[in-house]
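S.K.: In our numbering, the protein residues as written are 1187 to 1744.
For every residue, glycine included, the Cβ atom is placed at its ideal position computed from N, Cα and C.
1) Are there 16 or more other CB atoms within 10 angstroms of the CB of residue 1792, so buried, or fewer, so exposed?
2) Residues in the same chain with beta-carbon distance under 8 Å from residue 1489, minus the five sequence neighbours each way, listed in chain order, please.
3) Do you know how far the Cα of residue 1682 is from the Cα of residue 1670?
4) In chain order, what residues of the same chain lie with their CB nearer than 6 Å to the CB of residue 1486, ignoring the 5 residues before and after it?
5) In three-state terms, what does DSSP make of residue 1693?
6) Can you name the start and end residues of the alpha helix (DSSP H) that residue 1346 belongs to?
7) How many Å lie between residue 1457 and residue 1330 at the Cα?
8) Along the chain, where does the alpha helix (DSSP H) that runs through residue 1502 open and close?
9) Could you have a look at residue 1370 and say whether DSSP puts it in helix, strand or coil?
10) Please say whether residue 1247 and residue 1225 have beta carbons closer to each other than 8 Å?
11) With DSSP collapsed to three states, give me the class of residue 1320.
12) Within 10 angstroms of the Cβ of residue 1213, are there 16 or more other Cβ atoms? Answer buried if so, exposed if not.
13) Cα separation between residue 1594 and residue 1578?
14) Nearest to residue 1382 by CA position, among 1417, 1362, 1581, 1358, is which residue?
15) Along the chain, which unbroken stretches of the alpha helix (DSSP H) at least 4 residues long are found entirely within the stretch 1685–1734?
16) Reducing DSSP to helix, strand and coil, say where residue 1249 ends up.
17) Classify residue 1233 as helix, strand or coil using the three-state DSSP reduction.
18) Return the Cβ separation of residue 1433 and residue 1410 in integer angstroms, given the expectation that the two are a contact with Cβ distance under 8 Å.
19) What's the call for residue 1197, buried or exposed, on a 16-neighbour Cβ count within 10 Å?
20) Sorted by chain position, which residues of the same chain lie with C-beta nearer than 6 Å to residue 1652's C-beta, five sequence neighbours on each side aside?
21) What's the C-alpha gap between residue 1445 and residue 1317?
22) Using only the alpha-carbon positions, how far apart do residue 1293 and residue 1564 sit?
23) What distance in whole Å lies between the Cβ atoms of residue 1284 and residue 1270, which are believed to be in contact at a cut-off of 8 Å?
24) Since residue 1434 is in the alpha helix (DSSP H), which residue starts that stretch and which ends it?
25) Grouping DSSP H, G and I as helix and E and B as strand, with all else coil, what is residue 1256?
26) Looking at the structure shown, is residue 1220 part of a helix, part of a strand, or coil, going by DSSP?
27) Nearest to residue 1755 by alpha carbon, out of 1501, 1537, 1511?
28) Is residue 1675 helix, strand or coil when you go by DSSP?
29) Taking the continuous alpha helix (DSSP H) assigned at residue 1747, which residues delimit it?
30) Could you tell me the distance, in whole angstroms, from the CA atom of residue 1288 to the CA atom of residue 1281?
31) Could you tell me the alpha carbon to alpha carbon distance between residue 1263 and residue 1558, rounded to whole angstroms?
32) Helix, strand or coil for residue 1484, going by three-state DSSP, please let me know.
33) Beta carbon of residue 1312, beta carbon of residue 1324: below 8 Å?
34) Using only CA atoms, which one of 1334, 1376, 1715 lies nearest to residue 1351?
35) For the alpha helix (DSSP H) containing residue 1383, name the first residue and the last one.
36) Are the beta-carbon atoms belonging to residue 1721 and residue 1690 less than 8 Å from one another?
Right, dumping it as structure tokens:
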């Protein structure tokens, strides 16, 4: 059925809204507002939509949700909530479904820890619950929402003041006049010119009734008189009469009997022209009570009995008041036998009222406990989620910190390694230059030997030559140490590329790596050029290179 209703509405939308462009982009812009006045702007969207025809309202609901779906999580939530509220009020069925959707939006707002949306959605959801006659639960959500509005400083607009008035009225009906007064007076205080007159009339009257129930008749009269003046100003004669009549019990209770008689006479006059039998019942009841205050018991009893006969059980509370007054009359006359039946009726009624109130109170307490339990569970879930997020964030922060330390340490180690490598490279270069110098000296000495004629001089030259040659193992190890610091992985890569390579071939490869020529290599190792050529040839075979140039290129790349 709900699907059929939606289809019908969409058909109506296409028919009624032809040529009518809805300002969806403007609505979405207002819904996306997250300033301190956001609640007012959000409400203004709903207020605008209430001004268009019903088919267009439903169309607007779906278009807003669709437009908001492209935004962030908060905007998507706003779109869904507006749709739920519009469809709740403007589709004829599916109330519980749309209320459930609003509750989901409210729970998500709690999880997001967004107090503005919690205040707004809580108010909307409470309105829905009240419309479904779940008043006690509605009051729980309403009071929480209003507390948030107050905390956020978001009370000064019509919707919130009306909401205070409604909560006050609900509390009064449920038998909590003291709490009702607080909410009703706050609603009046916050009300502005956008609040319709009937809201003020209801609120003045409800405050007066609440004070009267608390036996604070001076305060009750103040608000009934305020209601009467307000109704006179806005020309509402019916409500003016209501205010006039409602003062009567307080006049009697305060002993203002002249005023009470005047109002009671007016009430009898109203009753003669009224179709409401309650007016006559109250008029006779008040006549009897005025007589009791004047100590005219014999006059009071007929008036009270007349009220009881006219009542005929239709108004139990009013009848109970009359029975109580009759019991007082007969007791004052010293006729306890006649007083007893009326006293018994009063006790029975009061007992039934007490039981009903106890049941209602228990139900209220149960609903409140269930609500608080639900809210606590939701808060605990939100807290667990927050703790999980915090734990994750702390873990990420720790990993980032460790990574930063590791990066710093690696960078420091790399710089140290680079520095050591640069120092080793410098030492190797110095070693190489020393070799080149020695080779040059060796060549000079060898040339000198060939030219010398005296054997003594020849011997000195040969002795110096022997000191210039690098032939010892210690010299090689010193060279190798400097070389490995400069090229740390060279010998390992060499062995990987040429398994079985000999120590002599490794020396040859290292000397080729630092770009020594044949003479320098021969002089450094104290061997002839032929030996150098042979060792180099074996290296070419191991690496499969055709020429010395290819071999040198390959070794340079290692």
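M.R.: On the basis of the supplied data:
1) Lying before the first or after the last residue shown, residue 1792 is absent from the chain, which here runs from 1187 to 1744.
2) 1470, 1471, 1473, 1474, 1477
3) 16 Å
4) 1474, 1477, 1478, 1515
5) helix
6) 1344–1359
7) 44 Å
8) 1502–1518
9) helix
10) no
11) coil
12) buried
13) 24 Å
14) 1417
15) 1689–1699, 1704–1711, 1715–1729
16) helix
17) helix
18) 5 Å
19) Any answer about residue 1197 is weak, because its pLDDT of 41 lies below 50 and its placement is not dependable; what the coordinates show is given next. Residue 1197 comes out exposed.
20) Bear in mind that a pLDDT of 47 at residue 1652, under 50, signals an unreliable position, so the number given afterwards is only what the model happens to contain. So the list is empty, once near-sequence residues are dropped.
21) 40 Å
22) 7 Å
23) 5 Å
24) 1434–1439
25) coil
26) coil
27) Shown here, the chain extends from 1187 to 1744; a query on residue 1755 therefore has no answer.
28) coil
29) Missing from the structure shown is residue 1747; the chain here goes from 1187 to 1744 and no further.
30) 11 Å
31) 24 Å
32) helix
33) yes
34) 1376
35) 1383–1399
36) yes
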